[in-house]
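Residue numbers (our numbering): 11 to 235.
Take a look at the structure:
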């Protein structure tokens, strides 16, 4: 099965197109407080210019249903990544409003409760995949910090294929192969690890990340076969 790769935190058409051309499956746009935050009006111009084959994922933190729906429709997004703890039934309500074609991701933070939280989320048929990220203080993502992959392999990532898990947090072109070999995730997500500066991508790092992630997946499939 092919690895799903998302390049997140894009703030310009140039950066998003670089990810698309490099072979990423998805690009992400952050609509929440972050050095990579981008305005809805800007993404509404960027997203329609990207190849139709590339998924356009909006990242939301504690956003309301109406805010998410409006942003998805205005920006022609194909998916959402949800960081929240207080909005019951949000994935189901999004599915009802936006249809079955929308990819819905939910994020959890690596740690003692990650396996329990991921399993509960994955039990929701409206959620397509669970993104496992690092947490530093109150920052919900984009920290550039890895979590303990060996420990996570024993817990939340201990049953590859049971449900779709995306590894995030501190990944870059130098460590993505190791992360894939250790965690065997369904997908990987990167933001700060392929930047020249906060909010600006380094094209060389983007290409290396995608190339090395694909190569690591191919090696793993060969070994398993």
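No residue lacks a Cβ here, since even glycine has one placed at the ideal position from N, Cα and C.
In the displayed model, residue 154 falls within coil according to three-state DSSP, outside both helix and strand. Residue 79 and residue 94 have their C-alpha atoms some 16 Å from each other.
Within the same chain, 192, 193 come within 7 Å of residue 163 by CB-CB distance, once the 5 residues on both sides are set aside. Here the alpha carbon of residue 72 sits roughly 26 Å from the alpha carbon of residue 211. Between residue 140 and residue 173, the gap from beta carbon to beta carbon is short of 8 Å. Cα atoms of residue 101 and residue 227: separation of roughly 30 Å, rounded to the nearest angstrom.
In this structure, DSSP gives residue 13 a state outside helix and strand, which the three-state scheme calls coil. CA-to-CA, the gap between residue 183 and residue 104 works out to about 34 Å.
Rounded to whole angstroms, the Cβ separation of residue 220 and residue 34 is 6 Å, and the two are in contact under 8 Å. Distance from the Cα of residue 91 is smallest, within the candidate group 84, 58, 176, for 176.
Counting along the chain, residue 177 sits inside no alpha helix (DSSP H); it lies in the beta strand (DSSP E) bounded by residues 175-177.
At a Cβ-Cβ threshold of 8 Å, residue 142 and residue 120 count as neighbours.
Taken atom to atom, the span from the alpha-carbon of residue 189 to that of residue 15 is near 13 Å. Note: residue 93 is bridge-paired with 71 in the DSSP secondary-structure output.
Beta-bridge pairing by DSSP links residue 141 to 117, 176.
If you draw a straight line from the Cα of residue 170 to the Cα of residue 179, it is about 19 Å long. Comparing C-alpha distances from residue 185 to each of 208, 206, 159, 18 shows the shortest one belongs to 159. Looking from the CA of residue 56, the closest CA among 106, 85, 113 belongs to 85. Between residue 41 and residue 20, the C-beta gap is not smaller than 8 Å, which leaves the two residues out of contact. The three-state reading of DSSP puts residue 219 in helix, counting H, G and I together. Residue burial is scored here from C-beta neighbours: residue 126 has fewer than 16 other C-beta atoms within 10 angstroms and is therefore classed as exposed.
Going by C-alpha positions, residue 12 is about 8 Å away from residue 196.
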